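Residue numbering for the sequence shown follows our numbering, starting at 1 and increasing by one per position. Think of the CB as a built atom: it goes at the ideal place given N, C-alpha and C, for glycine as much as any other residue. Bear in mind the structure is a predicted one, so any value in this text is a computation, not a measurement. Notes follow once the structure below has been shown.
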Amino acid sequence: MKGVPNFEKEYSEKVDELRKNRCAMSYYKYGSAAENFGKHYVDALGSHEKCIDKYIETKNKEYLLDAMNYLMFEFMYPSLDAYYKETGSEESAGIVGLSVKEAEAYGNG
């Protein structure tokens, strides 16, 4: 964990590319995201959940790309009275599991 991170293992430009391509295709298949999500014709959060369920059922990572896009659309066109505010660690939702850093702190790493 020491030194400069290898961002090829920490972030995926390929995922961004695949997501963007899917958005372009969806524009022609379903219409404008601004209309579908901005006018709340499509439920981004509900659609996200369906994609996660389908991924768990099929193990097909394509559904993860769709799920990520639905979260992006929820961010862009929130269905809730939402806002954006950067938060510190003390306000984090937390993770499920134990991170490498946490394991190291407990002497298990």
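Nonlocal neighbours in the same chain, by C-beta distance under 6 angstroms from residue i, ignoring five residues either side
i     : result
Cys51 : Tyr63, Asp66, Ala67
Phe37 : Ala44, Phe73, Tyr77
Burial state of residue i, where buried means 16 or more other Cβ atoms lie within 10 Å
i     : result
Phe73 : buried
Ala44 : buried
Asn60 : exposed
Asn21 : exposed
Ser92 : exposed
Nearest-angstrom beta carbon gap, residue j and residue i [assumed within contact, 8 angstroms]
i     : j     : result
Glu35 : Tyr41 : 7 angstroms
Leu71 : His48 : 6 angstroms
Segment limits, alpha helix (DSSP H) that includes residue i
i     : result
Asp66 : 62-76
Gly6  : Note on residue identity: the sequence assigns Asn, not Gly, to residue 6. Segment: none, Asn6 is in no alpha helix (DSSP H) and carries neither H nor E.
Tyr28 : 13-30
Ser47 : 44-58
7 angstroms Cβ shell around residue i - same chain, five flanking residues per side excluded
i     : result
Asn69 : Arg19, Arg22, Cys23
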